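Below is one structure, written out as structure tokens, with a few remarks after it.
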Amino acid sequence: MPDYFASRVLDLVEAIPPGRVMSYGDIADYLGRGGPRQVGRVMALWGGGVAWWRVIHADGSLLAGHERDALRSYSGEGTPMRLTADGRPGRVDMRRARWDGVS
DNA sequence: GTGTTGACAATCA
DNA sequence: CTGATTGCCAACA
1 MPDYFASRVL DLVEAIPPGR VMSYGDIADY LGRGGPRQVG RVMALWGGGV AWWRVIHADG
61 SLLAGHERDA LRSYSGEGTP MRLTADGRPG RVDMRRARWD GVS
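Here our numbering is used: the first residue of the first sequence is 1, the next is one more, and so on.
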């Protein structure tokens, strides 16, 4: 069972609007405790039940090993993407997609 | 108590 | 833009 901290993390992830994302550090900072690694740990253990693809690295890179699934979800939500040097979508445009918890 | 590890992050070369 | 370095906090052996 998720502890209190994990519950707060999962609730917040559920609150992220479609088409928006938050970084691990953002979530930790928003909750005011723990750190990016703790958030990552929570997601690794119990993130399967929420919109895990809306939680990514601070630089906009996707979850290693799940890029395909994430991209499929993003295309359906209209998440703003940035193109890699290869010219294909590889990371999220954090400047526009980042969600602060209010708007 | 001590050392390692990890779905991380800011900084610098 | 890529890679290395350092800082971070909690879990685990």
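Each residue gets a CB set at the ideal place from its N, CA and C atoms; glycine is no exception. Every value quoted in this text rests on a predicted model; they were computed, and no experiment measured them.
For residue j and residue i, the rounded distance between their alpha carbons
i             : j             : result
histidine 66  : leucine 31    : 26 Å
methionine 81 : methionine 94 : 8 Å
tyrosine 74   : glycine 48    : 17 Å
aspartate 86  : proline 36    : 29 Å
Residues that DSSP places opposite residue i in a beta bridge
i             : result
valine 92     : Met81
isoleucine 56 : Ser23
serine 61     : Arg91
Sequence-distant residues of its chain with Cβ nearer than 7 Å to residue i (five each side left out)
i             : result
tryptophan 46 : Pro2, Ala6, Leu10
isoleucine 56 : Val21, Ser23, Leu62, Leu63, Val92
alanine 18    : Checking the sequence shown, residue 18 turns out to be proline, not alanine. Answer for proline 18: Glu77, listed in chain order.
Beta-carbon gap between residue i and residue j smaller than 8 Å
i           : j           : result
arginine 20 : alanine 70  : no
alanine 28  : valine 39   : yes
alanine 58  : glycine 25  : yes
valine 13   : arginine 54 : yes
Neighbourhood of residue i by C-beta, 6 Å cutoff - its chain only, sequence neighbours within 5 removed
i             : result
tryptophan 99 : Ile16, Arg20, Met22
glycine 90    : Thr84
Range of the contiguous alpha helix (DSSP H) that encloses residue i
i             : result
aspartate 11  : 4–15
tryptophan 46 : 36–46
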